[in-house]
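To keep things clear, I will list the structure first and then write my remarks on it.
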Amino acid sequence: MEELIPNLRDERVQGAVKNLLAYSLVILIVPLSSMFLLKQYFFEAFLGHTPNDSLTYSAVCAVVLVHVQDPHDEPVHLGFPVSLPPNELFRLRSQFLPLGKVGGKPSWLNPKALPHSNTLICKVCEKPMCFLIQVYASGPNEPEHSFHRSLFVFVCRNPKCSKPNDASNMAVFRCSLPRKNEFYSFDGPMDPDLDGDVPDPRLPPDGPKLCSLCGCSATKKCAKCQNTWYCSRDHQVVDWASHKTCCGVFPDESAEQPEPSNPANPFVFKEFGIELDQEYLNSDMFEELSDDEDDEDEDCVDDETDEDRKRRMDEFKKFAKQNESNANMTKEDLEAATEEQKRDGEFEKFNRLVSLNPEQIIRYKRFGEPLPATCQSPLPDPESVPPCENCSGPRRFEMQLMPHLLSIIEVDAIGQSIDWASVFIYTCSQSCEVPESGYAKEFLAKQDFS
Numbered sequence: 001m002e003e004l005i006p007n008l009r010d011e012r013v014q015g016a017v018k019n020l021l022a023y024s025l026v027i028l029i030v031p032l033s034s035m036f037l038l039k040q041y042f043f044e045a046f047l048g049h050t051p052n053d054s055l056t057y058s059a060v061c062a063v064v065l066v067h068v069q070d071p072h073d074e075p076v077h078l079g080f081p082v083s084l085p086p087n088e089l090f091r092l093r094s095q096f097l098p099l100g101k102v103g104g105k106p107s108w109l110n111p112k113a114l115p116h117s118n119t120l121i122c123k124v125c126e127k128p129m130c131f132l133i134q135v136y137a138s139g140p141n142e143p144e145h146s147f148h149r150s151l152f153v154f155v156c157r158n159p160k161c162s163k164p165n166d167a168s169n170m171a172v173f174r175c176s177l178p179r180k181n182e183f184y185s186f187d188g189p190m191d192p193d194l195d196g197d198v199p200d201p202r203l204p205p206d207g208p209k210l211c212s213l214c215g216c217s218a219t220k221k222c223a224k225c226q227n228t229w230y231c232s233r234d235h236q237v238v239d240w241a242s243h244k245t246c247c248g249v250f251p252d253e254s255a256e257q258p259e260p261s262n263p264a265n266p267f268v269f270k271e272f273g274i275e276l277d278q279e280y281l282n283s284d285m286f287e288e289l290s291d292d293e294d295d296e297d298e299d300c301v302d303d304e305t306d307e308d309r310k311r312r313m314d315e316f317k318k319f320a321k322q323n324e325s326n327a328n329m330t331k332e333d334l335e336a337a338t339e340e341q342k343r344d345g346e347f348e349k350f351n352r353l354v355s356l357n358p359e360q361i362i363r364y365k366r367f368g369e370p371l372p373a374t375c376q377s378p379l380p381d382p383e384s385v386p387p388c389e390n391c392s393g394p395r396r397f398e399m400q401l402m403p404h405l406l407s408i409i410e411v412d413a414i415g416q417s418i419d420w421a422s423v424f425i426y427t428c429s430q431s432c433e434v435p436e437s438g439y440a441k442e443f444l445a446k447q448d449f450s
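Residue numbering for the sequence shown follows the UniProt record's numbering, beginning at 1 and increasing consecutively.
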């Protein structure tokens with residue numbers, strides 16, 4: 001029972017109570033003040049209605065004003081990794097419509113009209129990219145053809161392709177499906193707790209072959225066994241060390257199956273589930289961030305040397321690794337950790353927000369504003385983001401990938417692996433319909449500390 005009683009000494013609880021009180025006052029003041037102004041100056045003085053009629057009309061308008069809400073005015077949602085034992089990873093398969101997943105092979109929303117393998121080639125080294133993360137990102141205001149909606153992000157595993165402030169080694173795709181489709185029940189997806197580890201009964205028999213290594217669309221098969229498929233010659237070569245032990249060997253169904261491993265093979269990243277939670281800020285943090293916005297222009301200077309930037313990046317990596325599991329970091333600890341970054345207002349703001357939820361791997365707020373990691377590296381201007389390649393409509397910010405994601409996929413060696421301060425993802429503002437409910441390529445930008 002005590003667990004259900006909020007701890008009023010907790011700063012997060014105090015902040016939530018203050019926000020609730022402020023909201024309660026607003027929803028009282030707005031309708032009452034609007035009723036008075038409308039009655040006194042509009043309906044009586046301007047339109048000449050009687051006091052009783054004016055009161056009725058103004059009350060109706062006040063109620064409408066209270067309930068009118070911008071459909072894009074949504075809170076920030078944070079994504080956190082969920083570790084699952086290998087024998088529970090089946091919960092992240094397509095038929096269960098996972099909220100999101102990191103690593104492993106993609107759980108395609110539409111398992112039929114997959115992205116062509118040519119669209120998954122790194123622009124730097126021209127080798128196949130690796131699946132990184134996917135998020136189920138549907139909402140109540142989506143058009144009918146986009147009842148189900150997911151984003152899929154890929155990245156090249158070669159660290160040499162990771163250039164500062166350059167996302168050429170990454171790609172993001174958007175896929176949508178109407179509620180009535182051939183892959184999922186109208187009433188919802190299968191339940192992993194009820195259905196268990198079973199094959200997808202709705203998987204189309206005429207669907208594309210999948211690469212044995214990465215899970216993407218495959219066009220090449222093993223010439224010897226004719227059973228194993230690959231997206232490219234590169235992946236066939238990588239997989240040969242494992243495949244040669246079973247190539248051409250008829251599987252013994254009575255033999256005990258080996259325990260699943262995570263990661264499934266050396267190419268894919270370790271697999272995690274994702275859970276989402278709303279970001280809550282206490283009143284003190286909210287005031288600090290508001291003050292930061294006022295001082296932003298003064299803090300962002302351009303006289304930082306390359307050596308300073310490298311030192312600042314190393315300090316942040318060290319800070320993030322030391323505090324990735326500490327959600328109760330004190331203000332003094334944070335100030336000490338960011339002593340070297342005083343001139344970078346965006347960096348300080350970024351650090352303060354990350355320290356509240358250091359294990360966040362995504363920040364999601366469609367039609368919102370991105371959270372810059374630093375003012376020393378460029379962030380795309382909204383007007384410079386290219387339009388949707390499918391409908392030519394404008395793209396808007398939707399979510400960003402955070403530095404902690406690098407840690408959980410174990411590629412966080414400074415200067416020796418894939419790197420980013422944040423990856424910003426922009427998608428079609430109309431969620432336009434894609435031919436065959438396939439995958440539309442969207443835009444992303446990468447910001448680095450150096």
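Beta carbons are placed, not taken as given, at the ideal position from N, Cα and C, and that holds for glycine.
{"Item": "Own chain partners of V268 with C-beta closer than 8 Å, once the 5 adjacent residues on each side are dropped", "Value": "G103, G104, K105, C130, F131, L213, C214 and G215"}
{"Item": "Best match in P435, E436, P128 and K446 for proximity to Y426 [C-alpha to C-alpha]", "Value": "K446"}
{"Item": "DSSP three-state assignment for V124, whether helix, strand or coil", "Value": "coil"}
{"Item": "Nearest residue (CA-CA) to Y136, options P128, E126, E142 and L151", "Value": "L151"}
{"Item": "Local Cβ density within 10 Å of A223, reported as buried at 16 or more and exposed below that", "Value": "exposed"}
{"Item": "Neighbourhood of C432 by C-beta distance below 7 Å, restricted to the same chain and skipping five residues each side", "Value": "C388, N390, C391 and G393"}
{"Item": "Three-state secondary structure assigned by DSSP to E346", "Value": "helix"}
{"Item": "CA-to-CA distance, D344 to F443, given in whole angstroms", "Value": "27 Å"}
{"Item": "Selected residue, minimal CA-CA separation from S422, among L371, K441 and Y439", "Value": "L371"}
{"Item": "Outcome for E3 when other beta-carbon atoms lying within 10 angstroms are tallied against a minimum of 16", "Value": "Reliability of the predicted coordinates at E3 is poor, the pLDDT of 49 falling under 50, and no value is obtained from them."}
{"Item": "C-beta contact flag for S162 and I418 at 8 Å", "Value": "yes"}
{"Item": "Which residues DSSP lists as bridging W229, in chain order", "Value": "K221"}
{"Item": "Status (buried if at least 16 other CB within 10 Å, exposed otherwise) for D302", "Value": "Any reading at D302 needs caution, since the residue's pLDDT is 48, under 50, leaving its predicted position unreliable; the model's value is listed next. Exposed, because fewer than 16 other Cβ atoms sit within 10 Å of the Cβ of D302."}
{"Item": "Between the CA atoms of E359 and S325 - distance to the nearest angstrom", "Value": "Bear in mind that the predicted position of S325 carries a pLDDT of just 47, short of 50, making it unreliable; the figure below should be weighed with that in mind. About 6 Å."}
{"Item": "Identity of the residue in P208, F272, L89 and V172 nearest A113 by Cα", "Value": "P208"}
{"Item": "Member of C375, R366, Q430 and L353 whose CA lies at the smallest distance from the CA of M402", "Value": "L353"}
{"Item": "Beta strand (DSSP E) segment containing D191, residue limits", "Value": "That residue, D191, is in no beta strand (DSSP E); it is neither H nor E in DSSP."}
{"Item": "First and last residue of the uninterrupted beta strand (DSSP E) at I274", "Value": "F272 to Q278"}
{"Item": "Proximity below 8 Å, CB of Y184 to CB of L99", "Value": "no"}
{"Item": "Whole-angstrom distance between V198 and P192, CA atom to CA atom", "Value": "9 Å"}
{"Item": "Assumed close pair G79, I274 - CB separation to whole angstroms, cut-off 8 Å", "Value": "5 Å"}
{"Item": "Selection from D187, D234, E182 and S217 that minimises the alpha carbon distance to D200", "Value": "E182"}
{"Item": "Secondary structure of V301, DSSP reduced to three states", "Value": "Because V301 carries a pLDDT of 49, less than 50, the predicted location of this residue cannot be relied on, and no value is offered for it."}
{"Item": "Buried/exposed call for N227, threshold 16 Cβ in 10 Å", "Value": "exposed"}
{"Item": "Boundaries of the alpha helix (DSSP H) in which S407 is found, first to last residue", "Value": "H404 to I408"}
{"Item": "Nearest neighbour of S429, chosen from Q376, R366, A373 and L379 [CA to CA]", "Value": "R366"}
{"Item": "Contacts around P204, its chain only, beta-carbon distance under 6 Å, and the 5 residues preceding and following it disregarded", "Value": "K112"}
{"Item": "Contact set for P386: own chain, Cβ-Cβ below 8 Å, skip 5 residues either direction", "Value": "R395 and F443"}
{"Item": "Pair within 8 Å by beta-carbon distance, S176 and S146", "Value": "yes"}
{"Item": "Classification of D448 by the beta-carbon crowding that lies within 10 angstroms, buried from 16 upward", "Value": "buried"}
{"Item": "Candidates E383, N351, P189 and G48, of which the one nearest K180 by Cα", "Value": "P189"}
{"Item": "Local Cβ density within 10 Å of V172, reported as buried at 16 or more and exposed below that", "Value": "buried"}
{"Item": "Cβ-based burial, D239 [other Cβ within 10 Å; buried from 16]", "Value": "buried"}
{"Item": "Residues near residue 478 by beta carbon distance below 6 Å, same chain, minus five either side", "Value": "Residue 478 is absent from the structure shown; the chain starts at 1 and stops at 450."}
{"Item": "Endpoints, beta strand (DSSP E) assigned at L132", "Value": "C130 to Y136"}
{"Item": "Short Cβ contact (8 Å threshold) for C122 with N169", "Value": "yes"}
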